[in-house]
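S.K.: Numbering (my numbering), first residue to last: 7 to 192.
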Amino acid sequence: MILVTLGTQDESFERLLKAIDKKINEGKIKDKVIVQAGYTKYKSDNMEIFDYTSPDKLDELMKEADLLITHGGVGSILGALKYDKPVIAAARLAKYNEHNNNHQLEIISKFSELGYLLPLEDFDKLDEVIKESKNFKPKKFVSNTDNMIKLVEGFINEDNHVSWFNKWKYFILLFIIIIILLIIIL
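1. Could you tell me whether the stretch 60-73 touches the stretch 97-113, using the rule of 3 or more Cβ pairs below 8 Å?
2. Would you tell me roughly how many angstroms separate the C-alpha atoms of R21 and I178, rounded to the nearest one?
3. Since I56 is in the alpha helix (DSSP H), which residue starts that stretch and which ends it?
4. For Q110, report the span of its alpha helix (DSSP H) as first-last.
5. Should the stretch 40-50 be called in touch with the stretch 8-21, which here means at least 3 C-beta pairs below 8 Å?
6. I need the boundaries of the beta strand (DSSP E) containing I40, first residue and last residue.
7. To the nearest angstrom, report how far apart E32 and I136 are at their CA atoms.
8. Excluding sequence positions up to five away, which residues of its chain have a Cβ less than 8 Å from the Cβ of S115?
9. For K24, which residues of its own chain have a beta-carbon under 6 Å away from its beta-carbon, when the five flanking residues on both sides are left out?
10. How many angstroms separate the CA atom of D27 from the CA atom of N52?
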């Protein structure tokens, strides 16, 4: 099964779904295709399409999928990578009104360069990239979230990084209350 995720971007990415539909009609994609389309409104007799689902259901579908095809959003890419499955990523482009700029090209390029995914640059070659994905073993992605949280917590908790307001907030609040009381009394 191929799972396609288009994220929650509020612009349509119909171009990718048309390319997939075309390859199914040509007989070059024979797998079942399930699509989380988000804001993209597209009808197809070849694909099972839904707008959104719960994170648990999406995780379940990702675990079941043999291949994940996604747009170039970092969240979608990282969500796909945690399952150690081949990922194909296609950039939403400004010239097609799919995004306001082309930053997804850079994101996909970097993840590809590091060995995490296969980029889909030419939608007419989708079937070739899918074929390549069958032998593609993505580099194992290791999240650094826990280390980042510890770093931020350490920064916040160190005395020399606490703002002057946090150091003196109780005295400041007491001072404000005293001033208010003096105004009320006088």
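Here a beta-carbon is modelled for each residue, glycine too, at the ideal position from N, C-alpha and C.
M.R.: The structure says:
1. Short answer: they don't touch.
2. 58 Å
3. With the sequence shown as reference, residue 56 is identified as Phe, and Ile is not the correct amino acid for it. Here F56 belongs to no alpha helix (DSSP H); instead the beta strand (DSSP E) covers M53 to F56.
4. H109 to E119
5. The stretch 40-50 and the stretch 8-21 touch, with no fewer than 3 CB-CB distances between them shorter than 8 Å.
6. Here the beta strand (DSSP E) through I40 covers V39 to Q42.
7. E32 and I136 have their C-alpha atoms spaced approximately 14 Å apart.
8. Cβ-Cβ distances below 8 Å link S115 to P125 in the same chain, with the five nearest sequence neighbours on each side left out; the list follows chain order.
9. Nothing meets the Cβ criterion.
10. 7 Å
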